[in-house]
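Following: one structure in structure tokens, then a few remarks.
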Amino acid sequence: MKVVVFEPQKQPYVAQIEESLNGYKQTVGEELSFHPIQMDDGTVFQLIANDQAVLHNLPKNRRLYRGDTEYDMVRGTFIIVQLNEIGDESISMDEQYIEFIISNDFEWATEDDIDPIISSFNF
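Here the numbering used here is used: the first residue of the sequence shown is 1, the next is one more, and so on.
So, in structure tokens, the structure goes:
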């Protein structure tokens, strides 16, 4: 299935991965954390990150805003997958959302960013 991959210090890109936990782990790492994202039109996505990224001191990646000023910072590679209408199954991402996500890349993290816990954020 098509997903958008965010690696530290790289532009986001589309990748074809296996639609399974193993496919996610091959891209992100062994320990996974899942964070829902809902667009204004109701389309649901999942941000999948490495749950142990801070512990493993993975490189800082992107800032994810929760409101205007408060943000969380993600370490290591993460992916965004689209979910079906019910929100219980991953599906290949629609081209319109791929274009939107890539053109609205998150802010890149800097060395000054601290490691808060990811909760929810605005897209």
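Ideal placement from N, C-alpha and C gives every residue a C-beta, glycine not left out.
Who are the Cβ neighbours of residue i in its own chain at under 7 Å, not counting the five residues just before and after it?
{"i": "Asp51", "result": "Glu31, Leu32, Ser33"}
{"i": "Ser55", "result": "A small fix is needed here, since residue 55 is Leu in this sequence, not Ser. Within the same chain, Leu55 has no close Cβ partners at all."}
Give the secondary structure of residue i by DSSP, where H, G and I count as helix, E and B as strand, and everything else as coil.
{"i": "Asn104", "result": "coil"}
{"i": "Gln38", "result": "strand"}
{"i": "Leu83", "result": "strand"}
{"i": "Gln9", "result": "coil"}
Within 10 angstroms of its Cβ, does residue i collect 16 or more other Cβ (buried), or is it exposed?
{"i": "Met39", "result": "exposed"}
{"i": "Ala109", "result": "buried"}
Give the single residue among the options whose Cα lies nearest to the Cα of residue i.
{"i": "Glu85", "options": "Gln26, Asp41, Glu111", "result": "Asp41"}
{"i": "Leu21", "options": "Phe6, Ser90, Asp113", "result": "Ser90"}
{"i": "Gly29", "options": "Gln11, Thr43, Val5", "result": "Val5"}
{"i": "Glu7", "options": "Phe106, Asp88, Asp72, Asp115", "result": "Phe106"}
Checking the sheet assignment: what are the DSSP bridge partners for residue i?
{"i": "Asn50", "result": "Leu32"}
Whose C-beta lies closer than 8 Å to the C-beta of residue i among residues of the same chain, with five residues either side of it excluded?
{"i": "Lys25", "result": "Leu32"}
Between which residues of its own chain and residue i is the CB-CB distance below 6 Å, once the five residues before and five after are set aside?
{"i": "Phe45", "result": "Ile37, Ile80, Gln82"}
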